[in-house]
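Worksheet: the structure to be examined is printed underneath.
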Amino acid sequence: MSGGRPQRLTRLQARRIALAAQGFTDRPVSRPDARALARVVRRTKLFQIDSVNVVCRAQYVPLYSRLGPYDTRLLDRAYGRGPRRLFEYWAHEASLVPVQLQPALRFRMAQADRWAWGGMVRIARERPDLVTWVRKEVEERGPLTAREIEEDAPRHKDNWGWNWSEAKRALEWLFFCGEVSSARRNGSFERVYDLPERVLPRDVLNAPTPSIAEAHRELVRLAAQAHGVSTVQCLRDYFRLGPAEVRAAVRELVDAGELQPVEIDGWSRPAYLHRDARIPGRVRARALLSPFDPLIFERTRTERLFGFRYRIEIYVPKAKRVHGYYVLPFLLGDKMVARVDLKADRQAGVLRVQAAHGEPGAPEETAEQLAEELARMAGWLGLSGVAVGEGGDLAPALRSAAG
């Protein structure tokens, strides 16, 4: 949007702004390549990593949701082989982020004793000798996994009195501090560690370190771009930043004209519109969304934008789950119209729909469109078909549409 932007937005306008900012209105590509990947990265700024592999590793699905079927080796190469365009660090949880963001995240590395948690901080304070030894192991033997460090550990255990879990925490502390980096994830989803100078591009390592205020301003600016329109809480959540620093950054970006305060119908909190945001006249998206998709990171925002209450139920006892274990929202046009509990059954070669629930007001074509999207996802995952179970009110219509 340019001059003459509205001071007040409808919820529909805000929703379409959010979808455009996240790349759901970009022109489709027939053969997604490295340029298509880069385009999505410019939109989302990061991909969250998660160990749950019920359908597919979390970092791969947002690209699929925006590009359709693509070769996951594109992403593997982008962060697992030089010259790297992405690297892993604690951004929104463990995430893949552009290497150019490393300087803006150094404040978190320098303040690891504030941002890291329990066991890591304790090891750093109580066992600096262990931390030094683990770093030397990475320097001399890297790239290597935490398990591979264990191979050289037993001869030191009796003298130092530490156990394997402490060595692993020391390694995680070094990763948080930025003294070691992740060269890639291996087939078992383990980090493969190495020194930053052997992972990150030289120009990134040589870039000046911004002040804490400058770093927060840059991260808030990027979060605002990725949102299109957002509240302070949304901006905080995207890169998991502190409230005071974010409020200060928002004030500076408003003064600079990069953010504009706006009101959104039905929202009680002030919102901020990024100057590059646009309101598409129509959204033709059709996508299954990972629970870790940046569009729905902030659950309160998701509910405000889409009228869609969404919670991850992985850690909820089975008897108390409402929609299922690993539930993916289904976006059709500019609305969330359904949700499906999915499991990739690789032994049987099918994508199992363990439950399918429609949303109030979902259009008549929801089951047919969802069946087509599930078949497309199954093909991308290397599965031969879709099997629809009995759970959920949408299951009968979906089973009929799936054939």
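Following this note's numbering, the numbering of the sequence shown begins with 681 at its first residue and continues without gaps. Glycine is no exception: its CB is placed at the ideal position from the N, C-alpha and C atoms. All values reported here derive from a predicted model rather than from experimental measurement.
Asked: Secondary structure at Val941, three-state DSSP: helix, strand or coil?; Found: Going by the sequence as given, residue 941 is Pro instead of Val. Pro941: strand per DSSP, three-state reduction.
Asked: I'd like the span of the beta strand (DSSP E) that includes Arg1032, first residue to last.; Found: Val1030 to Gly1038
Asked: Given a cut-off of 8 Å on the beta-carbon distance, is the pair Val1068 and Ala1036 in contact?; Found: yes
Asked: Just reading off the alpha helix (DSSP H) that Val720 is part of, what are its end residues?; Found: Ala714 to Thr724
Asked: In whole angstroms, what separates the C-alpha of Ala1075 from that of Pro742?; Found: 25 Å
Asked: Suppose you measure from the CA of Glu1165 to the CA of Arg897; what does that come to, to the nearest Å?; Found: Absent from the structure is residue 1165, since the part of the chain shown begins at 681 and ends at 1083.
Asked: In the DSSP assignment, find the unbroken beta strand (DSSP E) run with Lys1023 in it and report its ends.; Found: Lys1015 to Asp1025
Asked: Helix, strand or coil: how does DSSP classify Gly1069 here?; Found: strand
Asked: If you measure between the beta carbons of Ala904 and Leu854, is that distance less than 8 Å?; Found: no
Asked: Who does Arg864 pair with in a DSSP beta bridge?; Found: Val872
Asked: Which partner residues of Trp813 appear in the DSSP bridge assignment?; Found: According to DSSP, which records beta bridges pairwise, Trp813 is partnered with nothing at all.
Asked: Within a Cβ cutoff of 7 Å, which residues of the same chain sit near Leu969, ignoring the five residues on either side of it in sequence?; Found: Ser745, Leu975, Ile976, Leu1008, Pro1009 and Leu1011
Asked: Quick test of the definition: if touching needs 3 or more C-beta pairs under 8 Å, does the stretch 919 to 935 touch the stretch 817 to 825?; Found: no
Asked: Is there a Cβ from chain C that is less than 8 Å from the Cβ of Lys1023?; Found: Protein chains in the displayed structure number just one, and chain C is not present.
Asked: Which partner residues does Val1085 have in the DSSP bridge list?; Found: Nothing about residue 1085 can be read from this structure; the chain reaches only from 681 to 1083.
Asked: Within the chosen definition, does the stretch 687 to 702 reach the stretch 751 to 764 through at least 3 CB pairs nearer than 8 Å?; Found: no
Asked: So does the stretch 1053 to 1060 actually touch the stretch 959 to 973, counting three or more Cβ pairs closer than 8 Å?; Found: yes
Asked: Whole angstroms is fine: what's the gap from Ala929's alpha carbon to Phe986's?; Found: 27 Å
Asked: Taking Ala863 as the reference, give the member of Asp956, Gly1072, Thr825 and Leu781 with the closest Cα.; Found: Thr825
Asked: Take Asp1073 and list the residues in its own chain whose beta-carbon comes closer than 7 Å to its own, dropping the five residues that flank it on each side.; Found: His1037 and Gly1038
Asked: Here's a check: name, in chain order, each residue in its chain whose Cβ is nearer than 8 Å to the Cβ of Arg707, leaving out the five neighbours to either side.; Found: none
Asked: Can you confirm whether the stretch 902 to 916 touches the stretch 951 to 958 when touching is taken to mean that 3 or more C-beta pairs between the two stretches lie within less than 8 Å?; Found: yes
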